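The numbers in the sequence shown follow numbering that gives the first Met the number 0, run straight up by one, and end at 379.
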Amino acid sequence: MVGLEFAVATKVAERVQILSPVMAVNPLTFTVYDAVIADDEWHHVCIARFSRDGSWIFYTDGVKREEGVGLSSNFNTGNGYLKFGMIRGVITGFNMWDQYINSTSQIEKIAHACSSLIGNIVPWPEVYLWRKGNVPKVSTSLCKFQESSHWNFEKSSISNQSYDGLSGKKGTFLTENWDSLKGVASPWYPIAVHFITNIAGFNDEHDAFLGTLLDGAISREGNWYRCFKAFPGWQGQHFHTACDGKGPTVTIIRVRENIFGGFLDKSWGGNDGFINSSKAFIFSLKNLRGLASFKMDIKSDLWTKAAKQRSQSGPIFGETDLVIDSNPTASMESSTDLPNAYQFPSHIDLASDEQDNLLAGRKGFVVDDLETFYYECKIL
């Protein structure tokens, strides 16, 4: 499954032809007429393609223009580069996902507002940094990778935006603080980001909080990459197929508006049974009681039961502290039982019935979304 989006601008009054991603063996050519994008303003273009049956939808500015089937389910990755044909204008955004985004509301959100929905396979900052060939690079602005906390872009279909007295067309804002990723300095990373996630409600403050916790638990410098994302009908065994043997992991879970999860510094996998760890913890980022983000440490006498490997279930922390069951999207067998192997921080004082409900809003729950990330150390 592939989702791809980018933005173009041109002042030439002519038809603009866009070749679908050349991963397809029999690509299609989409023609966008001058009335749509030839006005010297930025316009969002998106191609959603489902490789299983070759169905596709073509959008401009969040509006569905064409759809069909027959875009080959076979693909050719060439030499590892995604190639564009001739484009008259400027590309100011390009993202690719490992999922088929066919929701018009999601496409509209990406098209008209700064969004956390950036590509989890190919994010625009990496395209901008690692482009190949004689491609001129211009200064543009990006909504994600923390810039949304600096620039107050709002959902709008108009081109001009302003912030604190500054104004300009889309793509003209700059930031002054630079950060380095993999040895390359770029304005796209004004603050180091830890997790590129599509969990609804996950924000910069949550990312920073987790980063602070993990800086004390991970000794070597590296990056977090996603090994699993929930999909319709997923089961616990799918989690283990994707994430077992990956080393340290962070699992982020959403149940309605509650966001919580757990960290394990050991690998999932192996025979069913307990996994020991003195560094594992459970966390809450957002809860209906409105409590600030907090961390639950493993009890010193129960470190041998920090997590549990159960091949047919999702991640389990403690004996029964946080359990993601085998069928988490269709049953309420996933649950919290707190405190057990993990303890609440001293400033949280709750009645016993409130403790079980704090993370997910109730003791038993259906998982609305879940993503797990593994840690890859940099090569020194």
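Think of the CB as a built atom: it goes at the ideal place given N, C-alpha and C, for glycine as much as any other residue.
Bear in mind that the values here come from a model prediction, so they are computed numbers and not experimental data.
Test item: CB-CB of residue 272 and residue 307 under 9 Å: yes
Any 3 or more C-beta pairs closer than 8 Å across the segment 201 to 219 and the segment 276 to 293: yes
Cβ pair count under 8 Å reaching 3, the segment 220 to 236 against the segment 347 to 365: no
Three-state secondary structure (DSSP) of residue 147: The predicted position of residue 147 is uncertain, since its pLDDT is 30 and thus under 50; a value taken from the coordinates is nonetheless stated next. Residue 147: helix per DSSP, three-state reduction.
CB contact flag (residue 369, residue 262, <9 Å): no
Assigned secondary structure, residue 237 (DSSP; H/G/I helix, E/B strand, else coil): helix
Opening and closing residue of the beta strand (DSSP E) in which residue 211 lies: Careful: residue 211 lies outside any beta strand (DSSP E), inside the alpha helix (DSSP H) at 203 to 214.
Minimum C-alpha distance to residue 320 - residue among 121, 331, 297, 327: 297
Rounded straight-line distance, which links the Cα of residue 340 to that of residue 279: 11 Å
Where the beta strand (DSSP E) through residue 222 begins and ends: 221 to 228
Through-space distance from residue 232 to residue 375, alpha-carbon basis: 29 Å
Endpoints, the beta strand (DSSP E) within which residue 333 is located: 333 to 335
Counterpart residues of residue 257 in DSSP-defined beta bridges: 254
Local Cβ density within 10 Å of residue 199, reported as buried at 16 or more and exposed below that: exposed
Nearest-angstrom Cα separation, counted from residue 348 out to residue 251: 24 Å
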